[in-house]
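Beneath this line is the structure, given in structure tokens, with notes to follow.
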Amino acid sequence: MINSFDVISVMMIGTKSTEEQLYALKLQLEALNHALQEKDSQIAYLMNRLEGLMGKSQMFDKGESASKGFTPSKEMPSKENPEKVSNLLLIARSQLFN
């Protein structure tokens, strides 16, 4: 009969210590953080490119309004102009995956 004061030896195979598990988690977090920073910089780059492309096309259409940073809503890509939206998406995809 085993009471609460008896100790039972147990052999554990293939287990990791807490320190090893924490170190593995630390490495995973560092890798995820690095990947997140890369994606953030890619998104910022693509947003700048899109703003630049949209700004250039608006400068030809409206003159000074694009250079001041003002974008009228009727010039924004929408369902009314699916070709412009698809072109912007193609540019973004090519920059993201190349």
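Just so it is clear: in the sequence shown, position 58 is 58 by UniProt numbering, and no numbers are missing. Ideal Cβ placement from N, Cα and C applies to all residues, glycine included. Since this is a predicted model, take the numbers as computed values, not measurements.
Quick check on DSSP: helix, strand or coil for residue i?
| i | result |
| --- | --- |
| residue 16 | coil |
| residue 6 | coil |
Under 8 Å by Cβ, that's how I've got residue i and residue j pegged, so tell me the actual separation to the nearest angstrom.
| i | j | result |
| --- | --- | --- |
| residue 49 | residue 13 | About 54 Å separates the two Cβ atoms, so there is no contact after all. |
Pick out the complete beta strand (DSSP E) segments inside the region 14-48, 3 residues or longer, and give them in chain order.
none
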